[in-house]
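Okay, so here's the structure we're looking at.
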Amino acid sequence: RPDGEGVLPLRAAIPHSCAGHYLLGEQGKKLGVVGWVKNTPRGTVTGQVQGPKEKTEIMKNWLRNVGSPMSRIDRAVFSNEREISTLEFPNFSTKY
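What follows is the structure in structure tokens.
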């Protein structure tokens, strides 16, 4: 949302996931949140999600319990959750 009302950023790290970052990005776009996602050299997926609290909570639940069909989620770690006044990203993207 442009006005940033109720905007909650969070950083996610999902250890031991394989692939899946593309579908993670697609899920972010589907929910209407912004941010980014990428695979790390350690074999995890990391990213940042911003949007209204209810949408970031849906994304957290999806990351924790569903994920992409090709990934194995052992654990989802969320950090840096706080309210911000404006979104810091224009859309949801996949970084390489």
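So the sequence shown is residues -15 to 80, counted in our numbering. Heads up, the beta-carbon is just placed ideally off N, CA and C, and yes, glycines get one too.
- Query: Closest to residue 47 by CA distance: which of 29, 64, 35, 37 is it?
  - Reply: In the sequence shown, counting from the first residue as 1, residue 47 sits at position 63. Ranking the options by Cα distance to residue 47, first place goes to 29.
- Task: Out of 24, 25, 22, 32, point me to the one whose CA is closest to residue 74's CA.
- Result: In the sequence shown, the residue the question calls residue 74 occupies position 90. Of the candidates 24, 25, 22, 32, the one whose C-alpha sits nearest the C-alpha of residue 74 is 32.
- Range of the contiguous beta strand (DSSP E) that encloses residue 79: Taking the first residue of the sequence shown as 1, we reach residue 79 at position 95. For residue 79, there is no enclosing beta strand (DSSP E), as DSSP marks it with neither H nor E.
- Task: Check the DSSP bridge columns for residue 23 and list the partner residues they point to.
- Result: Your numbering for residue 23 matches position 39 in the sequence shown. Answer is 29, bridged to residue 23.
- Item | Outcome for residue 50 when other beta-carbon atoms lying within 10 angstroms are tallied against a minimum of 16 | Taking the first residue of the sequence shown as 1, we reach residue 50 at position 66. Burial call: exposed.
- Item | Exposure label - residue 52; buried when at least 16 CB within 10 Å | Counting from one through the sequence shown, the residue named residue 52 turns up at place 68. Counting Cβ neighbours within 10 Å, residue 52 comes out buried, since at least 16 surround it.
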